[in-house]
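**Q** Under my numbering, the first residue of the sequence shown is numbered 724, with each subsequent residue one higher.
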Amino acid sequence: MSVFSSVVSVRVQQRYYQILSVSGFFGLLLLLGLWLHRDYGVSADEPNNHLNGLVQIKYVAQLLFPEKVQQQPAAALIPDIRQFKDSDHGVAFELPLAVLSFVFTHNDSRAFYFMRHLCSFFVFVLGVYALYTLARWYLADWRWGLLAAMLLVVSPRFFAEAFYNSKDIVFMACFTMSMATLAYAWQRPTTARILLHALATALAIDVRAQGLLIFLFSLPLLLLASQPTAQQSPFKMVALYVSASLVLIVAGWPYLWSLSLAELWQASDKISHYPWNGPVLYLGHVFQVPIEQLPWHYIPVWLFVTTPVAYSLAAFLGLIGAFAALLRAKWLTLPRGIDLLALTWLLLPIGIVIVFRPIVYNGWRHLYFIYPAFLLVTVRGLRLLYQAAKDFPIIWRASASLLLLGTGAETGYTLWRMAKAHPYENVYFSFLSPQKAEQLFELDYWGLSYREGLEWVLAHDSAQIITFCGKGGYLENNSLLLPIKQRARLHFVPSDTYASPSEKARYFLTAYHYYGGKAQHYPVDPGQEVYTIYADGLRIFSVFRH
């Protein structure tokens, strides 16, 4: 066999191994989603998000088939787009899902939310693949790309929220896809690649207006394209990208169709600065937002305490490596371009929050879209350790090897904790003891544990009608996953004080919102605690009975 034939044979084997490994990983991930998607409750935002999709599809239908809409009795139950307060929220995910609900679920809320959770997870998988692609280009090796994808999956909060957080996780996935298409267009900016990136940009913005940040990353990099085409100057490519993006943004967001230019200008401030007020538990203190401003360190602390420590240490090393490589670089090659992209993608949004203090709440979910950039520099740091373990003097090799082994051990331990806490991976804290975490931070702010609480009550009380009280919205949301006959047995009793016990109710259900996992001094005795949910050692939910 010739040397050439041997080289070809080795490359074919490597390619086969790559295809088998990558397709196997993503195939198993999809199967995992199919297996687990029925395990989670309905989160606080999901019904309202779905209503937004219905509002916007009603508006489109009124434009196309006004007479048929008037003939539908259900249409009167859906608010008009000008009257619905959240119609300025993006619907790139919600609108197609509303169509699917009409086609497949036939007003069955249980079937709809199971379908919704599965669709949300599928979008997450697309985001994981986009991260794999970026990391493969970044570090010039598909194995490092696959490691980045694995680390995203073995990130407990992100994995759990992939099923029900259709705002932040879907936006993170779309944002990552836009970054991958940006890197793809930057390598060789043809018209087709520019239009693909414009589509990804519009998709992200039509999920969440924060996606406008993509323009800040895209415009400079496209002007510095590594291989500009002979047919188009960089300025023409940028003009094509911006104009195509704007057209696609408007096309995918019916709310924008309903506004005049003057109204659109007025609405832009609300779209980019969502008004919210409420309590936020942070470091043991309940902040009344926006009356009280959250400390500047709110986002960095939340990121650190909810991310495996080994990831954070490797990311710190990767940040140093990325800065050093950029300072040494004479040309902006693809790896250096992704260095620049990852650094700005990670650090710029954090800097904006620290300096301008926009309203954030419920952990750091509004900045989840920076996490793939965090993992890019994490894997960069791990590769630096790997190179040190191979090439440096023996003391450095031993130290680097120990750090790599420690990272592998913590990743495995995190995976075990995820399995143990399922389906409440969303209350994961990396190194805090359960007692500390309960005192310092919000726990199940999505209200997912109410599903299990309602199911327990129904299973352990044979009464035909069961009276219960608690946080009404969360209870109502999770009752939507119950079989219709079981749902009919439940009778909600409003409390005199919001989310507190009532003497008229047999059961009181609580997820200990905003007061650190410990019972408040209620105006009414909640009764005897008969059922408690623990997740990873955290007391996240209780059922009390009179």
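Don't be surprised by glycine CBs; every beta carbon is placed ideally from N, CA and C. Since this is a predicted model, take the numbers as computed values, not measurements.
1. State yes or no: is the C-beta of Pro770 within less than 7 Å of the C-beta of Asn1200?
2. Excluding sequence positions up to five away, which residues of its chain have a Cβ less than 7 Å from the Cβ of Val1229?
3. To the nearest angstrom, report how far apart Ile917 and Met960 are at their CA atoms.
4. Determine contact between the region 1165–1181 and the region 903–921, defined as no fewer than three beta-carbon pairs at a distance below 8 Å.
5. Does DSSP classify Ser1265 as helix, strand or coil?
6. Residues in the same chain with beta-carbon distance under 7 Å from Arg1106, minus the five sequence neighbours each way, listed in chain order, please.
7. Quick one, are the C-beta atoms of Pro912 and Ala962 less than 7 Å apart?
8. How is Ala1258 classed by DSSP in three states: helix, strand or coil?
9. How big is the Cα-Cα spacing for Asp762 and Asp1114?
10. Tell me whether the beta-carbon of Ser1153 lies closer than 7 Å to the beta-carbon of Pro1031.
11. CA-CA distance, Ala883 and Ala767?
12. Apart from the five residues on each side of it in sequence, which residues of its chain come closer than 6 Å, Cβ to Cβ, to Ala967?
13. What are the start and end residues of the beta strand (DSSP E) that includes Leu1004?
14. Can you tell me which of the three DSSP states Ala953 falls into?
15. So, does the region 870–878 touch the region 1091–1101, judging by three or more C-beta pairs under 8 Å?
16. If you draw a straight line from the alpha carbon of Ala925 to that of Leu971, how long is it in whole angstroms?
17. Since Leu869 contacts Tyr855 with CB under 8 Å, what's their CB separation in whole angstroms?
18. Extract the residue ranges of the alpha helix (DSSP H) inside the region 790–834, only unbroken runs of 4 or more that lie entirely within it.
19. In the DSSP assignment, find the alpha helix (DSSP H) that holds Gly870 and state where it starts and stops.
20. Runs of 3 residues minimum, wholly inside the region 1153–1221: which ones carry the beta strand (DSSP E) assignment?
21. Just the C-alpha distance for Pro1157 and Trp1025, rounded to the nearest angstrom, thanks.
22. Give me the Cα-Cα distance between Ile801 and Ser901, rounded to the nearest whole angstrom.
23. In the DSSP assignment, what are the bridge partners of Val1012?
24. Taking just the CA atoms, how far does Phe807 sit from Asn1000?
25. To which residues of the same chain is Arg1212 closer than 8 Å at the C-beta, ignoring the five residues directly before and after it?
26. Using a Cβ-Cβ cutoff of less than 6 Å, which residues in the same chain neighbour Ile742 once the five nearest sequence positions on both sides are dropped?
27. What does the alpha-carbon distance come out to for the pair Ala908 and Pro1116?
28. In whole angstroms, what separates the C-alpha of Leu841 from that of Gln794?
29. Tell me the DSSP secondary structure of Thr1029 in three-state form.
30. By the three-class DSSP mapping on this structure, what secondary structure does Val1102 have?
31. Excluding the 5 residues preceding and the 5 following Ala1144 in the sequence, name in chain order all residues of the same chain whose CB lies nearer than 8 Å to its CB.
**A** Taking the geometry as given:
1. Within the sequence shown, residue 770 is the residue found at index 47, counting from 1. Within the sequence shown, residue 1200 is the residue found at index 477, counting from 1. In this structure, Asn1200 lies closer than 7 Å to Pro770 by Cβ.
2. As a first step, residue 1229 must be located in the sequence shown, where it is residue number 506. In the sequence under discussion, the amino acid at residue 1229 is Arg, which differs from the Val named in the question. Ile1189, Thr1190, Phe1191, Arg1268, His1269, listed in sequence order.
3. Taking the first residue of the sequence shown as 1, we reach residue 917 at position 194. Taking the first residue of the sequence shown as 1, we reach residue 960 at position 237. Cα-Cα distance, rounded: 7 Å.
4. no
5. Along the sequence shown, read from residue 1 onward, the residue named residue 1265 stands at position 542. Here Ser1265 sits in strand by DSSP.
6. For this step, residue 1106 is matched to residue 383 along the sequence shown. These residues qualify, in order along the chain: Leu862, Trp867.
7. Along the sequence shown, read from residue 1 onward, the residue named residue 912 stands at position 189. Along the sequence shown, read from residue 1 onward, the residue named residue 962 stands at position 239. Cβ atoms of Pro912 and Ala962: not closer than 7 Å.
8. Translated into positions along the sequence shown, residue 1258 becomes position 535. It is a strand residue.
9. Position 39 of the sequence shown, counting from 1, holds the residue named residue 762. Position 391 of the sequence shown, counting from 1, holds the residue named residue 1114. Answer to the nearest angstrom: the Cα atoms are 47 Å apart.
10. Numbered from 1 along the sequence shown, position 430 holds the residue referred to as residue 1153. Numbered from 1 along the sequence shown, position 308 holds the residue referred to as residue 1031. Yes. Within cutoff.
11. Position 160 of the sequence shown, counting from 1, holds the residue named residue 883. Position 44 of the sequence shown, counting from 1, holds the residue named residue 767. Their Cα atoms are separated by approximately 14 Å.
12. Along the sequence shown, read from residue 1 onward, the residue named residue 967 stands at position 244. Around Ala967: Leu918, Ala921.
13. Numbered from 1 along the sequence shown, position 281 holds the residue referred to as residue 1004. Start and end: 1001–1005.
14. Mapped onto the sequence shown, residue 953 falls at position 230. Reliability fails at Ala953, whose pLDDT of 49 lies under 50, so the model's placement of it is uncertain and the value that follows must be treated cautiously. Reduced to three states, the DSSP call for Ala953 is coil.
15. yes
16. Against the sequence shown, residue 925 aligns to sequence position 202. Against the sequence shown, residue 971 aligns to sequence position 248. C-alpha separation (whole angstroms): 6 Å.
17. Position 146 of the sequence shown, counted from the start, is the residue given in the question as residue 869. Position 132 of the sequence shown, counted from the start, is the residue given in the question as residue 855. Rounded, the Cβ-Cβ distance is 6 Å, consistent with contact.
18. 817–823
19. Within the sequence shown, the letter at position 147 stands for residue 870. The sequence given here has Leu at residue 870, not Gly. First-last of the alpha helix (DSSP H) with Leu870: 865–876.
20. 1189–1193, 1213–1215
21. On the sequence shown, residue 1157 is found 434 positions in, with the first residue counted as 1. On the sequence shown, residue 1025 is found 302 positions in, with the first residue counted as 1. So the two alpha carbons sit approximately 15 Å from each other.
22. Along the sequence shown, one-based indexing puts residue 801 at 78. Along the sequence shown, one-based indexing puts residue 901 at 178. C-alpha separation (whole angstroms): 33 Å.
23. Walking along the sequence shown from the start, residue 1012 turns up at place 289. Paired residues: Gly1001.
24. Counting from one through the sequence shown, the residue named residue 1000 turns up at place 277. Counting from one through the sequence shown, the residue named residue 807 turns up at place 84. Distance between the alpha carbons of Asn1000 and Phe807 is about 19 Å.
25. As a working mapping, residue 1212 is identified with position 489 in the sequence shown. Cβ neighbours of Arg1212 beyond the five flanking positions: Leu1181, Ala1186, Gln1187, Ile1188, Ile1189.
26. Along the sequence shown, one-based indexing puts residue 742 at 19. Contacts found: none.
27. Your numbering for residue 908 matches position 185 in the sequence shown. Your numbering for residue 1116 matches position 393 in the sequence shown. Computed Cα separation, rounded: 41 Å.
28. What you label residue 841 is simply residue 118 of the sequence shown in a count that begins at 1. What you label residue 794 is simply residue 71 of the sequence shown in a count that begins at 1. About 32 Å.
29. Residue 1029 sits at position 306 when you count from the first residue of the sequence shown. Correct three-state label for Thr1029: coil.
30. For the purposes of this step, residue 1102 is identified with residue 379 of the sequence shown, where counting begins at 1. The answer is helix: DSSP assigns Val1102 an H, G or I state.
31. In the sequence shown, residue 1144 corresponds to position 421, counting from 1. Excluding sequence neighbours, Ala1144 sits near Pro879, Val1150, Tyr1151, Ala1258, Asp1259.
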